[in-house]
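Asks: In UniProt numbering, the protein residues as written are 1 to 178.
#1: Given residue 33, which residues of its chain have a CB within under 8 Å of its CB, disregarding the five upstream and five downstream residues?
#2: Strictly by DSSP, which residues pair up with residue 20?
#3: What residue range does the alpha helix (DSSP H) around residue 120 cover?
#4: Say yes only if the C-beta of residue 50 is nearer than 7 Å to one or more non-hydrogen atoms of the ligand SAM, and no if none qualify.
#5: Should residue 65 and residue 85 be called a contact, given that it needs their Cβ atoms to be closer than 8 Å?
#6: Where does residue 66 fall in DSSP's three states?
#7: Near residue 169, what residues of its chain come up, given a Cβ to Cβ distance below 8 Å and the 5 sequence neighbours on each side ignored?
#8: Under three-state DSSP, which class holds residue 154?
#9: On the criterion of 16 or more Cβ atoms from any shown chain inside 10 Å, does residue 36 qualify as buried, or is it exposed?
#10: Once DSSP output is grouped into helix, strand and coil, what is the label at residue 80?
#11: Using a 10 Å radius around the Cβ and a threshold of 16 neighbouring Cβ atoms, would you call residue 29 buried or exposed?
#12: What's the gap between the Cα of residue 167 and the Cα of residue 152?
#13: Determine the extent of the alpha helix (DSSP H) in which residue 115 is found, giving its start and end residues.
#14: Within the same chain, show all residues whose beta-carbon is closer than 7 Å to that of residue 9, passing over the 5 residues directly before and after it, in chain order.
#15: Out of curiosity, what's the CA-to-CA distance linking residue 180 and residue 157?
#16: DSSP three-state label for residue 163, please.
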């Protein structure tokens, strides 16, 4: 599949996601979250796959309420189990994408759950060890300096789902922090 075709599929999938979210069709929204995650994993966009799964995890609570039938993880009975399973996958994707700062944030949330809510000190220990490994990676492993830009498509030559209504400023990450 060509890059243009893949990017077009991702764009269309995001539009479907937004549509299903707007009309409160949670099941369809979740289904297309996983389709978008798969598209990202196919091209090894691990960070984007993690953020996609994070959207699903935000729909869940740290509670023992029953899960509605899910498309991906059928072994989980409660929202807590599903959210924990999703966090483990998300942390793994952030690790592969070398976004350890984001993984640490989720590890801290899991550690709070293990320490204050479920009192599972074995899992707390594992989570803290994983968190320590991420801190070590941040200090020892060199990563390329990321540059981010906002891109806007203007004019009738672009499909409506790409067009931007208002101009936005393009900034590098370094410029944003100064």
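C-beta atoms are modelled at their ideal positions from N, C-alpha and C, and glycine is treated no differently.
Replies: The structure says:
#1: What you label residue 33 is simply residue 33 of the chain shown in a count that begins at 1. Within the same chain, residue 33 has close Cβ partners 17, 52, 53, 55, 56.
#2: As a working mapping, residue 20 is identified with position 20 in the chain shown. None, per the DSSP bridge assignment.
#3: Looking up residue 120 in the chain shown gives position 120. Per DSSP, residue 120 belongs to no alpha helix (DSSP H) and is neither H nor E.
#4: The model depicted lacks the ligand SAM and carries no ligand whatsoever.
#5: Translated into positions along the chain shown, residue 65 becomes position 65. Translated into positions along the chain shown, residue 85 becomes position 85. No.
#6: Indexing the chain shown from 1 puts residue 66 at position 66. Strand, per DSSP.
#7: Looking up residue 169 in the chain shown gives position 169. Residue confidence for residue 169 is low, a pLDDT of 47 falling below 50, so the modelled location carries little weight and cannot support an answer.
#8: Sequence index remark: in the chain shown, residue 154 carries index 154 (1-based). Coil at residue 154, not helix or strand.
#9: Taking the chain shown and counting its residues from 1, the one referred to as residue 36 is at position 36. It is buried - the Cβ of residue 36 has at least 16 other Cβ atoms within 10 Å.
#10: Residue 80 sits at position 80 when you count from the first residue of the chain shown. Residue 80 falls in the helix class under three-state DSSP.
#11: Translated into the one-based positions of the chain shown, residue 29 becomes position 29. Per the 10 Å Cβ criterion, buried.
#12: For this step, residue 167 is matched to residue 167 along the chain shown. For this step, residue 152 is matched to residue 152 along the chain shown. Residue placement at residue 167 cannot be trusted, given a pLDDT of 47 that sits under 50; what the coordinates show is reported in the next sentence. Distance between the alpha carbons of residue 167 and residue 152: 7 Å.
#13: Looking up residue 115 in the chain shown gives position 115. Run containing residue 115: none; DSSP gives neither H nor E here.
#14: The residue you call residue 9 lines up with position 9 of the chain shown. 39, listed in sequence order.
#15: No information on residue 180 is available, as it lies outside the stretch 1 to 178 that the chain covers here.
#16: The residue given as residue 163 occupies position 163 in the chain shown. Here residue 163 sits in strand by DSSP.
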